[in-house]
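If you're matching positions, the sequence shown starts at 76 in the working numbering and goes up one per residue. Glycine included, each C-beta is placed from N, C-alpha and C at the ideal position. Down below is the structure, laid out as structure tokens.
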Amino acid sequence: MAKYVIITGGVVSSLGKGIATASIGLLLKVRGFLVNPLKFDPYINVDPGTMNPYQHGEVFVTEDGAETDLDLGHYERFLDVNLSKDNNVTAGQVYLSVIEKEREGIFLGGTIQVVPHITNEIKERIRKIANDHDIILVEIGGTVGDIEGLPFLEAVRQLRLEEGKDNVLYVHLTLVPFIKSANEFKTKPTQHSVNELRRIGIQPDIILCRTERPLPKEAKEKIALFCNVTKEAVIEGIDTDNIYKIPLIFKEQNLDWLICQFLSLQTKEINQKIWQNWLDFVNKLENPKGEISIGIVGKYTSLRDAYKSVIEAITHACGYFSFRPKIKWIEATDLEEEVKKKGKEILEEYFADISGIIVPGGFGVRGIEGKIFACEYARENNLPFLGLCVGLQCAVIEFARNVLLLKDAHSQEFDPNTKNPVIHLLESQRGIKKKGGTMRLGAYPCLLKEGTIAYYAYQTKRVYERHRHRYEVNNQYVNLLEKNGMVISGFYEKEDLVEIIELKGHPFFLATQFHPEFKSRPLRPHPLFLKFIEACIQKS
Ligand code: GLN
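Set out below in structure tokens:
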């Protein structure tokens with residue numbers, strides 16, 4: 076029978092609840108338990124797929140094509156597992172299925188209410204993923220006190236009643252601010268947030284305290300006393316610039332042992348292999364041989380969360396080579412305006428101090444010309460280049476305009492009337508009105524061409540990679556592109572679609588229609604990111 080660890084957050088958002096949950100997951104996995112994480116998002120959207128990255132950061136895509144919260148990326152990376160649509164549930168999904176059941180007549184005669192109908196649905200979603208697992212981690216998005224979060228908290232309160240005290244554990248993550256002028260830590264926000272939880276019937280068992288400096292014994296004792304937990308159950312979560320160190324920080328304070336005690340779990344032997352590999356990875360990042368500077372040209376650069384998986388994939392590959400990544404954020408819109416004002420010479424200023432360029436995924440026309448200029452610069456200056464999804468589309472547009480001399484070449488997404496739609500909508504995507512969940516989503520097979528960089532990187536003929544886009548390379552232009560030096564090194568056989576492009580004679584110019592960043596793991600960096608970073612190191 077599965078046991079449940081419920082993770083809530085208090086005081087403020089953005090304390091790193093997802094990373095804390097993922098870290099707990101890793102520690103329990105290392106102790107030999109089979110862990111399955113679940114993220115609840117209390118918003119009404121059915122999924123984050125239709126949200127602007129500025130609202131919600133990156134949309135993480137699973138193998139089965141679910142558009143999910145970026146915390147699923149942390150779970151996949153820390154636990155090294157592939158998750159599915161069942162691992163991320165929003166309030167929208169919960170309400171939708173209750174309302175659909177009501178329309179079907181399943182509750183005939185009844186009044187449908189938050190308690191018990193919505194809370195039952197929430198508990199059902201938790202139990203659904205419990206099959207064959209030892210421990211289910213349930214992270215509740217948002218902050219305690221949010222109106223939207225209440226049904227979720229009520230449901231997990233009931234869960235302990237139904238599953239038994241030994242089977243459900245509550246972990247609460249809070250902020251313990253240090254007030255410089257008073258030279259003091261303040262525990263009051265934590266007390267208030269725990270009070271709020273208690274008011275709805277949840278007494279946390281473990282409190283994780285996010286803090287910018289080490290918590291003194293007295294502060295921990297005060298939190299224990301006022302929040303009604305044991306002193307050992309007050310765990311310090313000190314700020315760190317390396318998220319992969321957080322499991323180490325927790326383990327030093329015996330958090331995994333404590334969880335096992337609370338849940339009456341027989342602690343198993345530590346899996347030394349995974350743990351040692353994790354320590355080695357952290358150690359390589361902490362003691363790098365050097366630094367490598369990567370330019371990311373995107374349109375959401377003021378919000379780093381929009382590119383979470385890209386940043387992590389870079390970090391994994393850099394860690395492998397024992398280098399520290401230094402990311403230079405280049406706002407595509409600025410680049411576009413600068414070039415238009417001052418000419419292409421300005422590109423030199425942007426890219427002189429970097430060893431490689433990434434153009435990551437994106438939607439909409441804003442900044443697109445800036446990304447295309449970045450592709451041109453990388454192609455002409457032999458600078459390592461990795462294009463991801465729209466990054467591939469920009470590279471094809473640039474090549475068509477400047478090598479094939481089709482000056483008006485564009486994507487139908489950005490110029491629906493272009494005479495040369497080198498990127499276009501497939502028949503199957505035309506006329507789609509419903510925006511949610513209708514792109515090409517999730518894992519598709521990609522066949523690799525022998526003798527290419529892609530084949531050399533993957534060392535295999537067929538790979539499965541995750542997609543999230545509507546537009547595709549227009550096959551009418553493929554012959555012309557190939558004749559002029561573009562290599563189609565990966566394609567989707569069934570529909571004959573371009574998946575990977577490269578450039579003949581360039582040390583490393585590669586772009587993918589899929590998103591390799593979603594499959595990179597700390598201990599298994601993605602082969603294409605490894606080859607890209609290797610090329611950057613050689614260039615530096
Ligand atoms: N906007 C492009 C499309 O829909 C690319 C999407 C992306 O980069 N994920 O095809």
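CA-to-CA distance, residue j to residue i, given in whole angstroms
i      : j      : result
Ser503 : Gly580 : 36 Å
Arg454 : Glu557 : 15 Å
Ala257 : Asp355 : 40 Å
Leu225 : Ile281 : 20 Å
Val304 : Ile298 : 8 Å
Phe583 : Asn120 : 40 Å
Arg288 : Gln328 : 16 Å
Arg399 : Lys594 : 20 Å
Cys393 : Ile367 : 8 Å
Ser430 : Pro600 : 19 Å
Val616 : Ala230 : The shown model of the chain, from 76 to 615, leaves out residue 616, and the question about it has no answer.
Ala95  : Glu413 : 41 Å
Thr376 : Glu196 : 38 Å
Gln487 : Ile432 : 25 Å
Gly445 : Leu410 : 5 Å
Lys403 : Asp380 : 15 Å
His149 : Tyr129 : 19 Å
Glu406 : Val471 : 20 Å
Leu500 : Leu154 : 37 Å
Tyr552 : Val385 : 29 Å
Glu609 : Thr527 : 16 Å
Arg273 : Pro191 : 20 Å
Phe253 : Lys416 : 47 Å
Gln351 : Tyr546 : 43 Å
Ile576 : Phe589 : 11 Å
heavy atom of the ligand GLN below 6 Å from residue i C-beta
i      : result
Val471 : no
Tyr546 : yes
Gly370 : no
Val465 : yes
Arg441 : no
Arg515 : no
Arg505 : no
Glu399 : Per the sequence shown, the amino acid found at residue 399 is Arg instead of Glu. Arg399 Cβ: outside cutoff for every heavy atom of the ligand GLN.
Arg273 : no
Arg543 : yes
Cβ pair residue i, residue j closer than 7 Å
i      : j      : result
Leu603 : Pro591 : yes
Lys92  : Gly84  : yes
Asn346 : Val105 : yes
Arg235 : Val243 : yes
Pro363 : Ser397 : yes
Val134 : Pro123 : yes
Leu479 : Gly140 : no
Glu214 : Lys359 : no
Asn163 : Thr143 : yes
Pro117 : Glu223 : yes
Gly312 : Lys374 : no
Asn477 : Ala484 : no
Ser172 : Val219 : no
Leu212 : Pro279 : no
Thr408 : Arg441 : yes
Inter-residue CB distance, residue i and residue j (contact presumed, cutoff 8 Å)
i      : j      : result
Ile498 : Val548 : 6 Å
Lys326 : Val309 : Not confirmed; about 16 Å, so no contact.
Ile389 : Pro435 : The pair is not a contact, with the Cβ atoms about 10 Å apart (cut-off 8 Å).
Tyr319 : Pro597 : 6 Å
Leu463 : Thr587 : 6 Å
Ala529 : Leu522 : 10 Å between Cβ atoms; not a contact.
Lys614 : Leu458 : 7 Å
Glu473 : Ile447 : 5 Å
Neighbourhood of residue i by C-beta distance below 6 Å, restricted to the same chain and skipping five residues each side
i      : result
Ala518 : Glu138, Tyr539, Arg541
Phe108 : Asp209, Ile210
Phe460 : Ile432, Ala453, Phe584
Val357 : Tyr319, Lys320
Arg537 : Pro520, Leu522
Residue i Cβ short of 6 Å to the ligand NAP heavy atom set
i      : result
Phe438 : Among the ligands in the structure shown, the ligand NAP does not appear; only the ligand GLN can be found there.
Own chain, CB closer than 7 Å to residue i, minus 5 neighbours either side, in chain order
i      : result
Lys510 : Thr125
Ser98  : Phe153, Ile321, Pro322, Phe325
Leu147 : Lys114, Phe135, Thr137, Leu158, Asn162, Asn163
Lys306 : Lys295, Glu296, Ala299
Proximal residues to residue i (C-beta, below 8 Å), its chain only, five neighbours per side dropped
i      : result
Val251 : Phe260, Lys261, Thr262, Pro264, Thr265, Cys284, Arg285, Thr286, Leu290, Ala294, Ile298
Leu378 : Pro128, Tyr129, Gly132
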